[in-house]
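Novice: Could you have a look at this structure, given as structure tokens, before my questions?
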Amino acid sequence: MNGAKIFDSIKNIEIIIHDHKEEIEKLDQEIGDGDHIFNILRGLEEILKLKDILIEESPEFIFKQLGMKIMTTVGGSSGALFATLLLGMSKKYDPAHSDLNNISQMFNEGVQSMKIRGKADIGEKTMLDVLIPVSKSLIDNSNETNISKVAEKISFVAKQGMLSTKDIIATKGRASFLGDRAKGHIDPGARSSQLAIEAIANQFIIS
Amino acid sequence: MNGAKIFDSIKNIEIIIHDHKEEIEKLDQEIGDGDHIFNILRGLEEILKLKDILIEESPEFIFKQLGMKIMTTVGGSSGALFATLLLGMSKKYDPAHSDLNNISQMFNEGVQSMKIRGKADIGEKTMLDVLIPVSKSLIDNSNETNISKVAEKISFVAKQGMLSTKDIIATKGRASFLGDRAKGHIDPGARSSQLAIEAIANQFIIS
Amino acid sequence: MKKFVNKVDEILSESLTGFGNAHSDIIKVNLSPDYISRKLKPTNDKVSLISGGGSGHEPLHGGFVGHGMLDAACPGQVFSAPTPDQMEAASNEVFNGKGILFIVKNYSGDIMNFEMGADMISHDNKTIIVNDDVAVEDSTFTTGRRGVAGTMIVEKTVGSLAETGASLGECKVFGDHVNNMTGSMGVAFSSCTVPAAGKPTFELSGDEMEFGVGIHGEPGRKREKIKSANELTKEIIDTILEDLKPEKNQEVLLHVNGFGGTPLMELYLLFNSAQKLLENCNIKVSRSIVGNYTTSLEMAGGSFTITKLDQNITTHWDSKVHTSALRWKM
Amino acid sequence: MKKFVNKVDEILSESLTGFGNAHSDIIKVNLSPDYISRKLKPTNDKVSLISGGGSGHEPLHGGFVGHGMLDAACPGQVFSAPTPDQMEAASNEVFNGKGILFIVKNYSGDIMNFEMGADMISHDNKTIIVNDDVAVEDSTFTTGRRGVAGTMIVEKTVGSLAETGASLGECKVFGDHVNNMTGSMGVAFSSCTVPAAGKPTFELSGDEMEFGVGIHGEPGRKREKIKSANELTKEIIDTILEDLKPEKNQEVLLHVNGFGGTPLMELYLLFNSAQKLLENCNIKVSRSIVGNYTTSLEMAGGSFTITKLDQNITTHWDSKVHTSALRWKM
Ligand SMILES: Nc1ncnc2c1ncn2[C@@H]1O[C@H](COP(=O)(O)OP(=O)(O)O)[C@@H](O)[C@H]1O
Ligand SMILES: Nc1ncnc2c1ncn2[C@@H]1O[C@H](COP(=O)(O)OP(=O)(O)O)[C@@H](O)[C@H]1O
Ligand SMILES: [Mg+2]
Ligand SMILES: [Mg+2]
Ligand SMILES: [Mg+2]
Ligand SMILES: [Mg+2]
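Chains as they are written, first to last, in our numbering: chain A, 10 to 216; chain X, 10 to 216; chain Z, 43 to 372; chain F, 43 to 372.
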């Protein structure tokens, strides 16, 4: 894990999110307030600007800076949550560990922090329905040597998690105000998170 | 001239205006503020309510009461102008005169008062483009014995006057703010006045 | 038509009743004839200011009844001038020893009805005709310019002068002066829906605006493609300045008025554009007011009004006022 | 999209700059991080009130910064909660010896960002979560109710208490109390257009309304055919009363709030409907406020808010205030 790889992943996330702009926009218009895509894109744009400054730095430092940047430029639920994710991740980097081990530990820590920040758990129709299963899958597979197999697994559980948000009501976030009307709609944050996971997974499947 | 005849005429005016509601509404939306038809209808409705109370009174008194009613219930340009017309008319009734003579004198007085009230004259794209020619025609023909011939004449000059408002710019009233954009549109007040004249003329042509 | 309404015919009376009750600490509402007056008659002899006009421009004029501004307001039907008996009744109620000053926006209907109202009263009276809209060419052969958002500024400043016990003549002269120092112009992104009509007065396509629009949902001087805020602000401010011909270092009051359907966020953005432009012309914005004061029901759009300030106008702008829509220092 | 705008990205900063200049007598605006604070720091030790939230609800919250109300407001992007560094910077500027009280509307984004902001400061602080919207069912397992137009009432009354030098704990308790005494519910006739999106968040057909809508152009609890003003007022007021369970002869503050695109004429008509209903239930409307205070950009519609009054709330509602959007007695 190094700066170049981290920024490659972010660039890949940005590409995939851009490709699904209209879809994500629509999801938050249906059961939210329509700003999710703009929050996400603003965040990605801002952190990509840091590439030249941060690329040589340690992953620990990079994640911290990315988290701070998201925290101070995005706003909304997703700003707070993704900042929390990144800041959490920065705490668990250990240069002695393998990449997969690092990612598992870091991601797990990040997602735990998000749960606390959002006072939310699985099944509440949020991005955590994607991120918690992914985190679990990473932990379960942290000793797996075939990286692309892990990538395929997380890609799969992310998609499942995302789809699972469709037919439930929300108990957290803005969609919770809709009650039953939220049913039948995928959670925007779950969709953007799943796409991000997919982008990263694809990178590893290909590489 | 008596109360019954006066209220018959008003009823006829109300019918014809109702039949052209949409058209008049549209004319004031195009070059005005869209309220003309509602002003006119409100006025007609209000004065028709006075029928039972006034029908036995003298034409003088009736016109005065109608003028006061219009004045206090209609508002807008047309309220002020039609009230002025009726109040002016009430001043010139002379029981010694023939109906046609009375109408000519009364109408002439009413229209003169309107010109003063509106500081307007012919050619300014207002209802006066209908009412001034009608008034002149009545005066010119006040000794004519064939009433239906007079009726046909005023019906004709009213129509001409109404049409003449189409291709000129307005220098009075709300349409004057539009400058050249008012061209091509018939003045709403001219149209409603012309329809009123037509209603009365038809009554005399038929009777 | 989507409006909060029970019966279209009763919108006005229900709304006025609500207005009267919501502000019963300072005003009262009389129905048939309709007029709004101060709850308490001023104790000192003063000129009584009465304004009015068609409804649909709220808070103008009823929102400006109270200490330091109007003594009464006569609301007509939506976009129709009020009837003379309203002015008569209001005059008789608020006359306070020093004559009546009518403040009338320059529209045929308003002028005629106020004239007829004035004919009906026995008190000394004068009329100020507000005609601040520079979008309309003025000429002695026409009705001339419309009265728009500058009316509020005339009502505030003359209202303040009247409160000092000034004479009817002094108030009239000062009002005409403020009107002369004032120019306005607006632009609309949408029309509005007169409740009785139930549909918008005009339709604009998605990329068009009415430039130099009035305040009755009526078409403006020209229809154009929409422009950036800076561009259209420049076009409007330039037109106003051409009319007002301010000296270098002139202090002005800048009023950005919303027509009803435009968020405050955009009005403040317009204020920012205009202030920068004015400062580039060495004109100092020393007083400002931004908000929906002279509306056209729910029309989207707004207008700029500039008043050249002198010591007198500034003093009477700053002085205390207590109405439902404008309140400060008391 | 028809809006007064130069570049979509710069709407907020241009608008904030305009806001700062238009009201430079009482407030100042800081950009990056964005916050609005009082021009002059209070001279007495007092609890500092900071609110904020997504933009698009103007005049909430920036319009409520000034004597007797907020010390600072942190505006986020349109409908997006502000970022924690805004709260940190605002706190550091306005801290005045007695701790910071955050006033936060109950939305995940706002709560999380304000919490993160609070984590970043060293001053004593507490948070009031406003959740007055009775349209949303409350339960311990969910996010609970939204914070809507009642927020202004909390800010006004707690702002007044803070001005007296009350402690952080006292202000927090009083704010929670006012929040508990307050219930709101709204209805929308149209959605609104987030500038970045360029098109309305949702579409409603010509005879539909969103019942129990929030303030972000988001869908409400149910979509229904439009009803008469009296009918929908009754449905809303009944729901609020069910929640507030007022005693007989209870005095209340009745607030009719416009969402931005509804004319004052209609808001006063709604006030009239509601007041009659309340008086039929032996509830006395002894304070009232009608206008666009908590908006959703240009959304058409409005909400009712009722606050049960006691001596304390009444005193702090009546006390003097000087902000750009709410001003009386000074
Ligand atoms: N308390 C929470 N815990 C976890 N995720 C949440 C929470 N609240 C909201 N979210 C997520 O945030 C997404 C919305 O993000 P965004 O639109 O950027 O913010 P906002 O809801 O403030 O408008 C939702 O789709 C959901 O996935
Ligand atoms: N000064 C005037 N003199 C004569 N007629 C006028 C004058 N001003 C307006 N009108 C007439 O009044 C009509 C409009 O009436 P109406 O729509 O009821 O009032 P408003 O113009 O006040 O909305 C115009 O079409 C025109 O014929
Ligand atoms: Mg959102
Ligand atoms: Mg008209
Ligand atoms: Mg009219
Ligand atoms: Mg949001």
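Glycine residues also receive a C-beta, built at the ideal position from the N, C-alpha and C atoms.
Measuring CA to CA, which of X:N211, X:I148, X:V83 and X:A191 is closest to E161 (chain X)?
Specialist: X:N211
Novice: Between the segment 135-145 of chain F and the segment 154-170 of chain F, can you find at least three pairs of beta-carbon atoms closer than 8 Å?
Specialist: yes
Novice: Across which residues does DSSP place T304 (chain Z) in a beta bridge pair?
Specialist: DSSP output for T304 (chain Z) lists no bridge partner at all.
Novice: State the CB to CB distance for the pair M136 (chain A) and D196 (chain A), rounded to an integer number of angstroms; the pair is presumed to be in contact (CB under 8 Å).
Specialist: Between D196 (chain A) and M136 (chain A) the Cβ distance is about 7 Å, and since that is below 8 Å, they are a contact.
Novice: If you measure from the CB of H45 (chain A), is any heavy atom of ligand 3 nearer than 7 Å?
Specialist: yes
Novice: Does ligand 4 have a heavy atom nearer than 7 Å to the CB of R188 (chain F)?
Specialist: no
Novice: Using a threshold of 7 Å, is the CB atom of F116 (chain A) nearer than that to any non-hydrogen atom of ligand 1?
Specialist: The answer is no for F116 (chain A).
Novice: Find out if the Cβ-Cβ distance for the pair V220 (chain Z), V200 (chain Z) is shorter than 8 Å.
Specialist: The Cβ-Cβ distance between V220 (chain Z) and V200 (chain Z) falls below 8 Å.
Novice: If you measure from the CB of D152 (chain F), is any heavy atom of ligand 3 nearer than 7 Å?
Specialist: Answer for D152 (chain F): no, Cβ out of range of ligand 3.
Novice: From F:G98, F:C213 and F:N63, pick the residue whose C-alpha is nearest to that of L112 (chain F); which is it?
Specialist: F:C213
Novice: Going residue by residue through the segment 189-243 of chain Z, where are the continuous alpha helix (DSSP H) segments of at least 4 residues, counting only ones entirely within it?
Specialist: 192-205 and 210-222
Novice: Measure the C-alpha to C-alpha separation of G148 (chain X) and Y102 (chain X) and round it to an integer number of angstroms.
Specialist: Inspection of the sequence shows that residue 148 (chain X) is occupied by Ile rather than by Gly. Cα to Cα, the separation comes out at about 15 Å.
Novice: Looking at the structure shown, is M111 (chain Z) part of a helix, part of a strand, or coil, going by DSSP?
Specialist: coil
Novice: Could you name the residues of the same chain whose beta carbon sits closer than 7 Å to that of I53 (chain Z), not counting the 5 residues immediately before and after it, in chain order?
Specialist: Within the same chain, V47 and P237 come within 7 Å of I53 (chain Z) by CB-CB distance, once the 5 residues on both sides are set aside.
Novice: With a cut-off of 8 Å, does the C-beta of A89 (chain A) fall near any C-beta of chain F?
Specialist: yes
Novice: Does the beta carbon of L36 (chain A) come closer than 8 Å to any beta carbon on chain F?
Specialist: The beta carbon of L36 (chain A) does not come within 8 Å of any beta carbon belonging to chain F, so the residue lies off that interface.
Novice: Take the Cβ of A132 (chain Z) as the centre, count every other Cβ of all protein chains shown within 10 Å, and call the residue buried at 16 or more, exposed below.
Specialist: buried
Novice: Indicate whether at least one CB of chain X lies closer than 8 Å to the CB of P101 (chain Z).
Specialist: no
Novice: For K49 (chain F), count the other beta carbons within 10 Å of its own beta carbon; 16 or more makes it buried, fewer makes it exposed. Which is it?
Specialist: exposed
Novice: Step through the CB atoms of chain X and report whether any lies within less than 8 Å of the CB of T125 (chain Z).
Specialist: yes
Novice: Is any non-hydrogen atom of ligand 5 found closer than 7 Å to the C-beta of D137 (chain F), if you look at the structure I gave you?
Specialist: For the record, residue 137 (chain F) in the displayed sequence is Phe; it is not Asp. Incorrect: F137 (chain F) has no Cβ contact closer than 7 Å to ligand 5.
Novice: Examine ligand 2 and report whether any of its heavy atoms sits within less than 7 Å of the Cβ of G85 (chain X).
Specialist: yes
Novice: Would Q119 (chain Z) and G96 (chain Z) qualify as a contact pair, given that the criterion is a beta-carbon distance under 8 Å?
Specialist: yes
Novice: First and last residue of the beta strand (DSSP E) that includes K175 (chain A)?
Specialist: Unbroken run through K175 (chain A): none, as it is neither H nor E.
Novice: So if DSSP puts Y310 (chain Z) in a beta bridge, which residue, or which two residues, is it bridged to?
Specialist: Looking at the DSSP assignment, Y310 (chain Z) forms no beta bridge with any residue, so it has no partner.
Novice: Nearer than 7 Å: is that true of the beta carbon of H137 (chain X) relative to any heavy atom of ligand 2?
Specialist: The question names His, yet the displayed sequence has Leu at residue 137 (chain X). L137 (chain X) Cβ: within cutoff of ligand 2.
Novice: Is there at least one Cβ from chain Z nearer than 8 Å to V332 (chain F)'s Cβ?
Specialist: yes
Novice: Beta carbon of R183 (chain X): closer than 7 Å to some heavy atom of ligand 4?
Specialist: Checking every heavy atom of ligand 4 against the Cβ of R183 (chain X), one is found closer than 7 Å.
Novice: What residues in the segment 247-277 of chain F bring their beta carbon closer than 7 Å to a beta carbon of chain A?
Specialist: G256, H258, G259, E260, P261 and R263
Novice: Run through the segment 16-81 of chain X for me and flag every whole beta strand (DSSP E) of 3 or more residues, listed as ranges in chain order.
Specialist: Entirely contained in the segment 16-81 of chain X, not one beta strand (DSSP E) run reaches 3 residues.
Novice: Check the C-beta distance from G108 (chain F) over to I69 (chain F) and give it rounded, since I have them as a contact under 8 Å.
Specialist: 6 Å
Novice: Show which residues of chain X have a CB atom less than 7 Å away from the CB atom of Y149 (chain Z).
Specialist: R183
Novice: Taking Cβ-Cβ distances shorter than 7 Å, what residues in chain A pair up with V236 (chain F)?
Specialist: Listed along chain A are G43 and D44, each with a C-beta nearer than 7 Å to that of V236 (chain F).
Novice: Under 8 Å Cβ to Cβ from A64 (chain F), same chain only, skipping five residues before and after it: list those, please.
Specialist: S366
Novice: Going by Cα to Cα distance, which pick from Z:T337, Z:E135, Z:P75 and Z:A115 is closest to G303 (chain Z)?
Specialist: If you compare the alpha carbons of Z:T337, Z:E135, Z:P75 and Z:A115 with that of G303 (chain Z), the shortest gap goes to Z:T337.
Novice: Note down, in chain order, every chain Z residue with its Cβ under 8 Å from the Cβ of K287 (chain F).
Specialist: Here the premise fails: no neighbours, minimum Cβ distance about 24 Å.
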